[in-house]
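Each remark here refers to the structure printed beneath this line.
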Amino acid sequence: MRMEITERLVDLRDEALSKVASAKDLEELESVRVAYLGKKGALTAVLRGLGELPAQQRPAVGRISNEVREALESALAERKQALEREALERRIAREAVDVTLPGRQRVLGHQHIIHQIVDEIVDVFVGLGYRIAEGPEVELDYYNFTALNHPPEHPARAATDTFYVRDMTGASSPDAFDSEVLLRTHTSPVQVRVMEKQRPPIYVLAPGKVFRRDVADPSHLPQFTQIEGLVVDEGITFGDLKGTLERFVHEIFGPDRRVRLRPHFFPFTEPSAEVDVSCAMCGGEGCRSCGGEGWLEVLGCGMVDPNVFRYVGIDPERYSGFAFGMGAERIAALKHGIPDLRLLIEGDMRFLRQF
Ligand code: PHE
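Numbering follows numbering that gives the first Met the number 0, in which position 265 of the sequence shown is assigned residue number 264; successive positions increment by one, without gaps.
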C-alpha cells in the first residue's frame, strides 16, 4: 500500500512537471495547476486519501506528498514567471517604436508666383505713399464701361469680349445698359468707385482679378490679375506719370532698364500711352526674345479724361490725375522669362517650385 501510494505520487509529480514545462501560456499553466493542486485535483485527491493509511506510514508518505506538492508549486511559480517575462518581451517587441525610421515628409508650401509679383508691385507703390483699394469682381456695366467714358457702341461691350452675368439687352429704358451685370474686364472700375467716395488727393493702387472672353494662349488668359494705379491731385502732370512709371520699372526690373511711352488710346484717359521696357536680353538692339523690337510692352496709362471726372463729380478745372493698368502675369513673365502665361495657372509644381 505504501509503495503503491509513493509510486503514484512520483508518477503524478513527473507527469505534472512535464506538463508544467510544456505549458505554452499562462492559461494552460493555470489549468495544469487546477488539474493537480485544485480542489478536485489529482494530487489533492491523493493527499485526501492519506487519512486512510495506517498511522505509522503517514509521516513518511506525508513527507513525500509535501515534497511533491512543493516541487510542483515551485515549478509552477518558476514557469509562470518565465511565461510572464516572455509575454512582456513579446509586447515590448510589438509595441516598440523604431526611432531610426525616417520621419514623414511634410511639403512646405510657398506663395504662388502671381501673388509674389503682386506683393512686389504693391510694395513699390505703398513705398510711394499709395493706399490699396478694392472693388467687386462682379461689376455693373456703369462702372466697367459707362463711367469710364465708353460709348454705348464700344466694341469691348460686345458679348463676345465680356462675360455678362445678367443680360439686360432689350430692356425698355435707355439707361438699362448701366445696370447690366458683368465680370469686370479690367480694374479701372475701381477708379470710379474710389473717386465717388473720396475727394483728392487720391493715391491708390487696386490689384484684382479681371475676366475676358479670350481663349487661353501663350499671351492671353481668360482670367488674370490687373494692378490699377490712380492719382488725382492739384497740378498732376504727364511728367509725374512718366517719373512714377520709371520708378516702378527700375524697382521691378532693375535700374538698367529704359522706359518708352508710345501714344495710344483708352476711352478713360487723354492723352493715353502704352509703356514699353527695354529688352533685358539685347538692351534695346532687337533680338529673338523681343521679336526684334528691342522693347517689351508692360502697361497702359494716361491722364484721367475730364469726362470721367464729371461722372464722379470731381472738378477737372481744379484737379488733374493719371492712371495706369498692368497685367501681373505679364510682368511676372517678362521678369522671369516665362514663355507662356498658361504655365502660371496650370499648377504644375515642377514649374511653380522654381519661384
Ligand atoms: N484698363 C486698361 C486695360 O485693361 C489699362 C489702363 C488702365 C489704361 C488705366 C489706362 C489707364 O487695358
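Backbone N, C-alpha and C fix where the C-beta goes; we use that ideal spot for every residue, glycine too.
In this text, all values refer to a predicted model and were calculated from it rather than measured experimentally.
Can you round the beta-carbon distance between residue i and residue j to whole angstroms, since I take them to be within the 8 Å contact cut?
i, j, result
"Thr224", "Val307", "Not really, about 23 Å apart at Cβ, beyond 8 Å."
"Arg68", "Leu42", "6 Å"
"Pro266", "Leu147", "6 Å"
"Gly228", "Leu204", "5 Å"
"Phe162", "Leu181", "6 Å"
"Gly320", "Val230", "5 Å"
"Leu28", "Leu71", "Not really, about 12 Å apart at Cβ, beyond 8 Å."
Return the CA-CA distance between residue i and residue j, expressed in angstroms with no decimal places.
i, j, result
"Lys23", "Glu3", "32 Å"
"Val303", "Ala215", "31 Å"
"Glu316", "Glu269", "15 Å"
"Gly336", "Ile91", "59 Å"
"Arg156", "Gly238", "32 Å"
"Glu245", "Asp122", "15 Å"
"Asp13", "Leu87", "29 Å"
"Glu119", "Glu133", "17 Å"
"Pro151", "Gln104", "58 Å"
"Asp127", "Val297", "Just to set this straight, residue 127 is Leu in the shown sequence, not Asp. Computed Cα separation, rounded: 20 Å."
"Ser73", "Val106", "60 Å"
"Glu179", "Tyr202", "29 Å"
"Leu36", "Glu94", "36 Å"
"Ser370", "Gly102", "No answer is possible for residue 370: the residues shown for the chain start at 0 and end at 354."
"His114", "Thr159", "29 Å"
"Cys300", "Lys196", "22 Å"
"Cys286", "Ala279", "10 Å"
"Arg309", "Phe323", "19 Å"
"Arg211", "Pro221", "5 Å"
"Ser21", "Leu46", "25 Å"
"His153", "Phe264", "13 Å"
"Glu136", "Arg183", "6 Å"
"Glu6", "Leu82", "30 Å"
"Gly61", "Arg84", "34 Å"
"Asp213", "Val98", "55 Å"
Three-state secondary structure (DSSP) at residue i?
i, result
"Gly283", "coil"
"Leu260", "strand"
"Phe223", "strand"
"Lys241", "helix"
"Glu233", "coil"
"Gly366", "Within the shown structure, residues of the chain are numbered from 0 to 354, placing residue 366 beyond reach of any answer."
"Ala272", "strand"
"Lys208", "strand"
"Gly299", "strand"
"Arg103", "coil"
"Ser64", "helix"
"Met354", "It should be noted that the sequence gives Phe, not Met, for residue 354. Looking at Phe354 - three-state DSSP - the assignment turns out to be coil, as it is neither helix nor strand."
"Arg246", "helix"
"Arg165", "strand"
"Ser73", "helix"
"Val180", "strand"
"Phe267", "coil"
"Val191", "helix"
If distances are taken between C-alpha atoms only, which option among the options comes closest to residue i?
i, options, result
"Gly326", "Arg309, Asn65, Gly238, Lys208", "Lys208"
"Arg352", "Glu66, His109, Val125", "His109"
"Ala175", "Gly324, Leu182, Arg165", "Arg165"
"Ala332", "Gly283, Leu71, Ser319, Leu295", "Leu295"
"Ile235", "Pro262, Pro200, Val274", "Pro200"
"Arg329", "Asp213, Asn148, Leu340", "Leu340"
"Leu11", "Gly299, Arg32, Tyr142", "Arg32"
"Gly293", "Arg309, Ala205, Asp275, Ser218", "Asp275"
"Asn65", "Leu8, Glu77, Asp160, Gly299", "Leu8"
"Leu16", "Glu26, Arg78, Val60", "Arg78"
"Pro206", "Pro221, Leu342, Gln190", "Gln190"
"Leu253", "Val230, Thr5, Gly282, Ile226", "A small correction: the amino acid at residue 253 is Gly; Leu does not occupy that position in the sequence shown. When each option's Cα is compared against that of Gly253, the closest is Gly282."
"Ile313", "Met194, Ser271, Arg211", "Met194"
"Pro217", "Glu51, Leu342, Gln56", "Leu342"
"Asn143", "Pro188, Asp177, Arg256", "Pro188"
"Lys334", "Ser277, Tyr318, Ile344", "Ser277"
"Glu233", "Ala70, Phe247, Arg198", "Arg198"
"Phe124", "Ile226, Arg192, His185", "Ile226"
"Val311", "Leu25, Gly48, Ile251, Arg192", "Arg192"
"Leu25", "Ile112, Arg256, Gln80", "Gln80"
Does the CB of residue i have a neighbour CB from chain B at under 8 Å?
i, result
"Asp216", "Given the protein chain composition of this structure (a single chain), no chain B is represented."
In chain order, which alpha helix (DSSP H) runs of at least 4 residues are fully inside the stretch 117-159?
140-143
Considering only residues of the stretch 303-344, which uninterrupted alpha helix (DSSP H) runs meet the minimum length of 4 residues and lie entirely inside it, listed in chain order?
305-311, 327-335
In chain order, which beta strand (DSSP E) runs of at least 3 residues are fully inside the stretch 2-49?
none
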